[in-house]
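The sequence shown runs 42 to 234 under our numbering.
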Amino acid sequence: MCKSSVKIGLKCLLVQESWFHIKMSSTTGSATLLLSRILGAEVRLVDEGFDIGIRRSWEKALYDVKARGCGIPYAIPAGASVRPNGGPRLCWVCREVRAQEKQLGFAFDYIIVCTVTGSTHAGMIVGFAEDGRQRNMIGMEAYATPAKTKVLSVTQHTAMLIELGTALVGDDGVCSRTICIRVMAFQPKKPKR
């Protein structure tokens with residue numbers, strides 16, 4: 042989101058909740074945080090755990106933007122899962138995958154995507170329904186909170202928005218597969234002296 046906002050001339054305040062098992066700072070940590078800083082985002086790391094819902098840290102960021110006189114904030118929650126039009130935007134990812142497949146001369150049997158909020162996974166399920174590959178999407182649920190992901194609801198909403206006209210849920214009640222894993226980040230041990 043930071044890259045997109047910078048491209049169109051908006052300022053970006055990124056609130057990153059901790060969901061790694063190591064302490065990070067806005068100057069170290071993930072490549073995403075580093076890239077966001079390089080692109081000009083103000084990065085706030087909050088140690089309130091991880092949740093895809095609207096949190097106090099998020100509401101405080103909105104308040105701070107208004108209090109600084111920076112205008113009206115355009116708020117995008119985690120993964121854009123709760124944005125009304127977030128899913129259709131993520132269907133476009135499938136166009137890029139198809140272009141790469143054409144260039145390579147083959148089609149992937151399965152597409153594996155990281156699933157946290159579920160919006161990317163859902164958008165790609167709908168996007169691949171065009172050629173009947175929606176069940177070949179595998180989501181790796183990276184935070185091991187499948188009850189909090191919104192894959193099914195975002196998939197259904199996205200299919201309705203783009204007037205897909207194809208049933209995405211099979212007789213078994215499954216539109217795709219999600220495998221839960223627990224992402225663990227480890228801080229390297231200091232060498233013994």
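Quick reminder that beta carbons are idealized off the backbone N, C-alpha and C, glycines included.
Have a look at M178 and R139 and give me their C-alpha separation to the nearest angstrom. 14 Å
So what's I117 in DSSP terms, helix, strand or just coil? coil
Can the beta-carbon of T196 be found less than 8 Å from the beta-carbon of V167? yes
Report yes if the C-beta distance between P118 and I152 is below 8 Å; otherwise report no. For P118 and I152, no; Cβs fall outside 8 Å.
Give me the DSSP bridge partner(s) of C135. None, per the DSSP bridge assignment.
Go ahead and label S45 buried or exposed: buried means 16 or more other beta carbons lie within 10 angstroms of its beta carbon, across all protein chains shown. S45 should be labelled exposed.
Which residue comes first and which comes last in the beta strand (DSSP E) that contains L54? L54 to E58
Let me know if G50 comes out buried or exposed under the rule of 16 or more other beta-carbons within 10 Å of its beta-carbon. exposed
Taking 8 Å as the threshold (C-beta atoms), are L86 and S57 in contact? Correcting the residue type first, residue 57 is Gln in the shown sequence and not Ser. Taking 8 Å as the cut-off, the beta carbon of Q57 is found closer than this to the beta carbon of L86.
Distance, G159 Cα to N203 Cα: According to the sequence as given, residue 203 is Ile; it is not Asn. Looking at the two C-alpha atoms, the distance is approximately 18 Å.
E89 (DSSP reduced to helix, strand or coil): coil
Selection from L74, F149 and N126 that minimises the alpha carbon distance to A200: N126
Given a threshold of 16 other Cβ atoms within 10 Å of its Cβ, counted over all protein chains shown, does G164 qualify as buried or as exposed? Counting Cβ neighbours within 10 Å, G164 comes out buried, since at least 16 surround it.
T156 by DSSP, collapsed to three states: which one? It is a strand residue.
Quick one: Cα of M181 to Cα of H162, how far? 9 Å
How about K52 and C111: do their beta carbons lie closer than 8 Å? yes
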